[in-house]
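Visitor: Residue numbers (my numbering), protein chains in the order written: chain A, 30 to 312; chain B, 858 to 1083. To start, I am sharing the structure in question, which I have written as C-alpha cells.
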C-alpha cells in the first residue's frame, strides 16, 4: 500500500537528518502533550458521534452524559454508599486473605517440614483459576457478603503466599550468617534481617493481590448483590442505563489505578534503601 | 588474658581431614596471621572459632565475645549505617555507641546514609566498626582486604593496626597475602593439610625481608628472580 510505503520511506530520513525539522519535538513537554492529545481526540470523536445520533445511546452514551450521570449519582449519595460497600468488601477480603497468605508464607518460609506439608496442596489449589470457584463458593456461602469477601480473600491469599515464601527463601545466607556472629536472637533475626530482606518480594505480591482482588470483587458483586458498584451495574442493565454501566466500568478502572499507585507509593517509602526504588534526593 | 584457646580441633569431609587436631591459643592484644594455600583449612578453622561450622572433636574456650569481619562487607542494605553498626547491640545508647565506632573508622558524618552509597573500602570500614563496637575479646578477620584495591588496602592495614592497638582484642587474620601478614601480625602461622605447620614470631627487630622469603618458600612459591 502506498501509505505504508510512505511511512517506511520516512524513517531513514528521520534518522539521518533530524536537526532542523524535528527540533520542536525536543522541546520540553511536547511529547507528553502529544501522548495526551490522542486520548482527548478520541473522547471528542466519541462525544460528537454520540451527539449526532450516529452512535446510539444504548450502545455507548456520550462522555458528557456519563459525567452528568456520575455527578447526579454522587449528589444523591447513591454512588458514595455503593462505593463504600464495595471498598469495605475489598478491604475485609484483602485483610483476611492477605493475613492467611502471609502467615502460611511465613510458616513455609521458615520451616522445611511445614514447607513439605503445606506447599504442595497450596500449589495444587492455586492451579484452579479462582474465578472458577465462584459456583462452589455460592453453594457454600450463598450470595451474601461472606461469598464476596471469601472470593476476594481467595484471590489475594495466593499471590501474597507465594511472594512471601519466595522472599524468605531468597534471602542471602551470608546475611543470616552475619546475624549469627552478631549474636542476634531469633526474634531480632526475623525483624532485622528476614522480614526486611523479604519485603521487596512481599510488596510485589501485594501489588498482584490488589489487581486480582478487584477482579474477584467485580465478578463476585455481579451475582446476587443489593449494594455495591457491581449491583449498580447490574441494576442499570435491567433498565438499559448504558450511561450508568459505563460509569461503573470507569470507577472500577479508577480504583484499579488508585490501588496500583498505592502499592507503588508503599514501595517507594518502604524500599527507599533499595537502589531500584531510590528516588532522587533520598540518598 | 586468653582470647581463645582451642585444643585438638578436627573436622573431616568424608575421607579428607580439613582440620587435623589443631591447637591454637591467642592472647588478648596478640595479632596472629594465618597463611596457607586455598583449601588448607584456614577458613574452616576461622569458621569453627566463629561458631559457624561445627567441629567433630576438640574444645574451644572463648572467655569473651567474638566478632567477625568477612571478605564481603555483609552490610544490611535496608539499614542505615549506624543501624548496621548497632546490629546485635542492646541498650538505650546504641546510637551513641555506633556513632563512636563509625567516627573511629572515619565515617562519623555518615550515620544516616544507606550502605549502597559507600565505596568498597568504606563499606569494609563500616564492617570493621560493626565488629569492634561489640568489644570482642577475639576478632576474626576472614580475608577482609582481599577485594580492595592496593591503595585502599594499605590504608585499611594502618587503620586496623591502630584500632587493634586501642581495643586490644586477640586477632586472627586469615589471608593468603604474605606482605599483609608480615605488615600486621605479631605471630604468623602457616597451615598445611589441616595442621599448623609452622609458627613465626614477628617483632620490631625481625628481618621482614628474610621472613617474607622463608614464608614464600614454605608456601611453595619459588623465588627464582632474585
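Cβ atoms here follow ideal geometry from the backbone N, Cα and C, with glycine treated the same way.
Using a Cβ-Cβ cut-off of less than 8 Å, give me the residues of the region 208 to 224 of chain A that come near chain B, in sequence order.
Guide: Listed in sequence order: 208, 209, 210, 211, 212, 213, 217, 221, 222.
Visitor: Hey, how far is the Cα of residue 121 (chain A) from the Cα of residue 275 (chain A)?
Guide: Rounded to whole angstroms, residue 121 (chain A) to residue 275 (chain A) spans 26 Å at the Cα level.
Visitor: Quick one: using the 10 Å Cβ neighbour count with 16 as the cut-off for buried, is residue 912 (chain B) buried or exposed?
Guide: Answer is buried; the Cβ neighbour count reaches 16.
Visitor: Would residue 938 (chain B) pass as a contact of residue 964 (chain B) if the rule is Cβ separation under 8 Å?
Guide: Cβ distance < 8 Å, so residue 938 (chain B) and residue 964 (chain B) count as in contact.
Visitor: Ordered along the chain, which non-local residues of its own chain (more than five positions away) have a Cβ less than 6 Å from that of residue 967 (chain B)?
Guide: Excluding residues within five positions, the ones whose Cβ falls inside 6 Å are 938.
Visitor: From A:139, A:215, A:166, A:146, pick the residue whose C-alpha is nearest to that of residue 199 (chain A); which is it?
Guide: The shortest C-alpha separation from residue 199 (chain A) is found at A:139.
Visitor: What is the DSSP secondary structure of residue 101 (chain A), reduced to helix, strand or coil?
Guide: Correct three-state label for residue 101 (chain A): helix.
Visitor: Using the beta-carbon count (16 or more within 10 Å), is residue 74 (chain A) buried or exposed?
Guide: That one is exposed.
Visitor: Can you find the residues in the same chain that come closer than 6 Å, C-beta to C-beta, to residue 192 (chain A), ignoring five residues on each side of it along the sequence?
Guide: Excluding sequence neighbours, residue 192 (chain A) sits near 230, 231, 233, 234.
Visitor: For a contact meaning CB atoms closer than 7 Å, what does residue 304 (chain A) contact in chain B?
Guide: 973, listed in chain order.
Visitor: Nearest to residue 910 (chain B) by CA position, among B:1025, B:901, B:950, is which residue?
Guide: For the residues B:1025, B:901, B:950, the minimum Cα distance to residue 910 (chain B) belongs to B:901.
Visitor: Compile a chain-ordered list of the residues in the region 196 to 208 of chain A whose CB is closer than 9 Å to at least one CB of chain B.
Guide: The region 196 to 208 of chain A vs chain B, Cβ under 9 Å: 201, 203, 204, 206, 207, 208.
Visitor: Identify the contact partners of residue 931 (chain B) in chain A, using a Cβ-Cβ distance below 7 Å as the criterion.
Guide: Those are 203, 204, 207, listed as they occur along chain A.
Visitor: Going along chain A, which residues have a C-beta under 7 Å from residue 925 (chain B)?
Guide: Result: 210.
Visitor: How about residue 935 (chain B): is its C-beta nearer than 8 Å to some C-beta of chain A?
Guide: Yes - at least one Cβ of chain A is within 8 Å of the one on residue 935 (chain B).
Visitor: Can you confirm whether residue 907 (chain B), when its beta carbon is compared against all beta carbons of chain A, has any partner nearer than 8 Å?
Guide: Yes, its Cβ sits closer than 8 Å to a Cβ of chain A.
Visitor: I'd like to know whether the C-beta atoms of residue 155 (chain A) and residue 187 (chain A) end up nearer to each other than 8 Å.
Guide: Cβ atoms of residue 155 (chain A) and residue 187 (chain A): closer than 8 Å.
Visitor: Spatial neighbours of residue 1058 (chain B) within its chain, please: C-beta separation below 6 Å, excluding the five flanking residues on both sides.
Guide: Closer than 6 Å at the Cβ level, and outside the excluded window around residue 1058 (chain B), lie 1044.
Visitor: According to the neighbour-count rule (16 or more other Cβ atoms, all chains shown, within 10 Å of its Cβ), is residue 872 (chain B) buried or exposed?
Guide: Residue 872 (chain B) comes out exposed.
Visitor: Tell me the rounded alpha-carbon separation between residue 895 (chain B) and residue 869 (chain B).
Guide: Straight-line Cα distance between these residues: approximately 16 Å.
Visitor: Tell me the residue span of the beta strand (DSSP E) that contains residue 1084 (chain B).
Guide: Nothing about residue 1084 (chain B) can be read from this structure; chain B reaches only from 858 to 1083.
Visitor: List the whole-angstrom C-beta distance separating residue 246 (chain A) from residue 118 (chain A), where the pair is believed to meet the contact cut-off of C-beta under 8 Å.
Guide: Indeed they touch by this definition, with Cβ atoms about 6 Å apart.
Visitor: Check whether the Cβ of residue 945 (chain B) lies closer than 8 Å to any Cβ atom in chain A.
Guide: Residue 945 (chain B) counts as touching chain A.
Visitor: With a floor of 4 residues, list each alpha helix (DSSP H) that falls wholly inside the region 93 to 181 of chain A, ordered by position along the chain.
Guide: The qualifying runs are 107 to 139, 141 to 155, 163 to 170.
Visitor: DSSP puts residue 1005 (chain B) in a beta bridge; with which residues?
Guide: Note: residue 1005 (chain B) sits in no beta bridge, so no partner.
Visitor: Helix or strand or just coil, what does DSSP make of residue 281 (chain A)?
Guide: Residue 281 (chain A) falls in the helix class under three-state DSSP.
Visitor: My output table needs one value for residue 306 (chain A): the three-state DSSP class, helix, strand or coil.
Guide: Residue state, collapsed to three classes: coil.
Visitor: Three-state secondary structure (DSSP) at residue 888 (chain B)?
Guide: Here residue 888 (chain B) sits in strand by DSSP.
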